[in-house]
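Below is one structure, written out as structure tokens, with a few remarks after it.
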Amino acid sequence: MIGPANPLLLLTIGFVVVLFLRSRKSSKKALPDVPWINTHDGEFLTRIRARFRTTFNYKEAIYQAYEQCSKRDRPCIIADINGEEIIMPISAMSWFISQPDSVLSADEMHRDVLQIDHTFVHPFIVERPLHHETVRIDLTRQLGALTSDIMDELSTCFDEYWGTDTENFKELCVMDSVMQIIARTSNRALVGLPACRNQTLLEHGKGFATSIAISSALLKQMPAFLRPLLSPLITLPNRRHTRGFAKILTPEIQRRQRLFAEGSDDEKEMGEVEPNDFLQWSIRRAQECGSSVENDPSIIAERTLAVNFAAIHTSTFSITNIIFDLVSSDPSMQYMDILRNEVASVLAEENGNWSKQGLAKMVKLDSALRESSRLGSFVGALSRLCVSPQGATAPDGTFLPYGSTISVPTTPVQNDPMLYANASAFDPFRFSSQREALSTGGPGDEDNTTTSNPSAYLEKANLSFVSTSPSYHPFGHGRHACPGRFFAANELKLLLAYMLLNYEFEMLPTRPKNIWMGRTHLPPMKATVKIRRRA
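Structure representation (structure tokens):
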């Protein structure tokens with residue numbers, strides 16, 4: 001007879017069964033004969049128990065893998081409830097990122113992790129990512145033109161969510177409030193006014209991201225043959241948010257399509273100026289490709305939703321992290337005052353105008369964001385799926401079987417004291433100091449270095465927030481580095497600069513701890529700060 005405590009027992013038994021099935025499945029793969037992290041000699045069912053340990057403490061496992069094997073030029077295996085990762089030596093990074101997509105695929109890795117065949121209403125939008133080109137080319141080219149719009153939205157959002165009271169401190173949940181601000185400012189560039197302020201649209205965007213995370217995690221634990229049967233039920237919220245987002249956006253898409261079809265002369269006669277946002281660029285690209293499917297308003301809307309999913313949460317994590325890094329730093333270091341003074345100085349040089357060129361001069365602000373991302377990187381490792389039917393062979397001779405997950409550590413590398421002095425400390429000017437040291441014309445002289453010492457200029461450029469390297473990859477590394485990182489960096493700089501100029505904070509004695517959920521590293525989600533508008 002089932003007692004009141006038995007649901008927990010059943011859940012535990014189910015979890016153990018999943019671990020056992022994962023272990024059986026992995027035994028059928030020709031995994032390389034390399035060390036398994038978290039196993040113990042002589043321990044009964046040690047690999048199953050290692051999965052259990054790693055599932056609940058991936059951070060410890062990836063650090064062990066790095067210290068014991070990866071940095072010593074040896075591969076190893078980490079196994080958890082999601083399967084096995086073959087962790088490559090960090091020295092294999094160049095080989096790892098240079099492999100063609102027909103051998104090691106980032107896209108297929110994402111497809112598997114997010115269970116895209118089931119979690120998206122139209123999986124082909126991820127398989128044929130027209131929106132990636134729109135982000136990589138159009139959005140990046142228009143950063144300067146979008147700056148004033150983004151700042152306009154930021155100032156409106158801060159007034160609304162953080163307030164204008166210069167007398168009393170206000171306590172707020174950092175992640176919740178920042179996500180509201182990021183969602184609106186991002187959508188100002190994606191869909192423009194007034195849609196970016198439609199709260200229902202924003203809620204569908206945030207809800208879709210949450211639903212994808214939950215449904216993909218559930219589906220990943222099921223046998224493949226059950227996924228098509230159960231996914232329609234599990235992904236009901238995904239489809240509801242997709243339909244809701246499209247329903248709001250479709251009339252605007254149709255209106256713009258009509259104007260686009262009528263041509264520029266008719267636009268001018270009607271007094272209509274072509275919008276400069278992601279939605280308009282998407283309509284133009286859909287027209288140019290000539291596909292009736294791509295011109296379907298619901299498909300354009302779903303592509304816009306996919307970009308929302310990719311952009312909003314990661315930018316929210318970045319700003320949440322740096323706020324807590326700054327407010328819990330040593331008050332005597334006056335980090336926020338130094339950053340605030342830099343922003344004010346550059347803004348004065350630019351006659352009070354916010355611009356892409358002005359942001360480029362804020363090297364300390366850029367450095368602080370890079371340093372915070374170094375410490376708070378979202379993932380523990382960069383991963384690819386081996387899709388070559390013949391498998392692949394790593395530089396050290398390790399055979400990587402078809403269907404296996406291949407990874408290189410991220411978080412441990414970025415926290416290695418051999419690579420970063422005093423690596424565990426938040427030093428917001430770590431990278432700006434290095435950039436200044438490389439300047440031949442004095443601190444802050446970026447232009448002289450370009451012509452007088454090109455190699456030093458390149459080295460400085462590689463220390464910027466958006467630049468990736470073998471020892472810094474919050475945005476990924478190589479040709480699969482995040483295509484939207486230039487937009488994200490500009491948006492984050494504007495947000496941080498505006499926040500520092502207009503608000504003061506009560507300092508915290510200790511930093512709220514980040515958390516690990518499986519293989520992802522998240523900022524404190526419910527931690528609060530006290531803020532007040534500067535007079």
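In our numbering, the protein residues as written are 1 to 535. The beta carbon of each residue, even a glycine, is placed where N, CA and C say it ideally should be.
Short Cβ contact (7 Å threshold) for residue i with residue j
| i | j | result |
| --- | --- | --- |
| residue 325 | residue 372 | yes |
| residue 409 | residue 94 | no |
| residue 315 | residue 150 | no |
| residue 78 | residue 404 | no |
| residue 349 | residue 364 | no |
| residue 490 | residue 143 | yes |
| residue 131 | residue 303 | yes |
| residue 500 | residue 340 | yes |
| residue 154 | residue 495 | yes |
| residue 294 | residue 286 | yes |
| residue 319 | residue 178 | yes |
| residue 508 | residue 328 | yes |
| residue 384 | residue 106 | yes |
| residue 492 | residue 460 | no |
| residue 387 | residue 108 | yes |
| residue 219 | residue 227 | yes |
| residue 215 | residue 235 | yes |
Contacts around residue i, its chain only, beta-carbon distance under 7 Å, and the 5 residues preceding and following it disregarded
| i | result |
| --- | --- |
| residue 212 | 114, 119, 238 and 309 |
| residue 39 | 46, 47 and 50 |
| residue 305 | 205, 208, 242 and 245 |
| residue 335 | 326, 329 and 428 |
| residue 124 | none |
| residue 173 | 526 and 528 |
| residue 423 | 415, 416 and 417 |
| residue 391 | 399, 400, 401 and 402 |
| residue 346 | 358, 361 and 362 |
| residue 27 | A caution first: residue 27 carries a pLDDT of 43, below 50, which makes its placement in the model too unreliable to give a value. |
| residue 112 | 385 |
| residue 164 | 533 |
Helix, strand or coil at residue i [DSSP, three-state]
| i | result |
| --- | --- |
| residue 409 | strand |
| residue 532 | strand |
| residue 478 | helix |
| residue 379 | strand |
| residue 134 | helix |
| residue 208 | helix |
| residue 88 | coil |
| residue 525 | coil |
| residue 225 | helix |
| residue 8 | Note that residue 8 scores a pLDDT of 47, beneath 50, so its modelled location is shaky; the value from the coordinates is reported in the next line. In this structure, residue 8 counts as helix in the three-state DSSP scheme. |
| residue 69 | coil |
| residue 484 | coil |
| residue 520 | strand |
| residue 428 | coil |
| residue 127 | helix |
| residue 52 | helix |
| residue 107 | helix |
| residue 504 | strand |
| residue 291 | coil |
| residue 214 | helix |
| residue 23 | Residue confidence is low: residue 23 scores 46 on pLDDT, short of 50, so the model does not pin down where it sits. No coordinate-derived value is stated. |
| residue 393 | strand |
| residue 497 | helix |
| residue 469 | strand |
| residue 77 | strand |
| residue 515 | strand |
Whole-Å CB distance - residue i paired with residue j, under 8 Å assumed
| i | j | result |
| --- | --- | --- |
| residue 317 | residue 523 | 5 Å |
| residue 426 | residue 375 | 6 Å |
| residue 248 | residue 200 | 6 Å |
| residue 429 | residue 467 | The Cβ separation is near 17 Å, so there is no contact. |
| residue 186 | residue 311 | 5 Å |
| residue 382 | residue 477 | 7 Å |
| residue 355 | residue 156 | With 8 Å as the limit, residue 355 and residue 156 do not qualify as a contact, their Cβ atoms being about 19 Å apart. |
| residue 498 | residue 158 | 7 Å |
| residue 278 | residue 190 | 4 Å |
Contacting residues, own chain, Cβ-Cβ under 8 Å from residue i (five flanking each side not counted)
| i | result |
| --- | --- |
| residue 80 | 51, 54, 55, 58, 61, 518 and 519 |
| residue 282 | 130, 131, 134, 300, 303 and 304 |
| residue 262 | none |
| residue 31 | 77, 84, 86, 401 and 404 |
Same chain, Cβ closer than 6 Å to residue i, neighbours up to 5 away in sequence not counted
| i | result |
| --- | --- |
| residue 504 | 532 and 534 |
| residue 76 | 34, 35, 37, 65, 69 and 87 |
| residue 298 | 246 |
List, from N- to C-terminal side, the alpha helix (DSSP H) runs of 4 residues or more that fit wholly inside the region 133-181.
Counting whole runs of 4 or more residues, the region 133-181 contains the alpha helix (DSSP H) stretches 143-161.
At which residue ranges does the region 305-365 contain complete alpha helix (DSSP H) runs of 4 or more residues, listed in the order of the chain?
If we require 4 residues or more, the alpha helix (DSSP H) runs fully inside the region 305-365 come out as 335-349 and 356-361.
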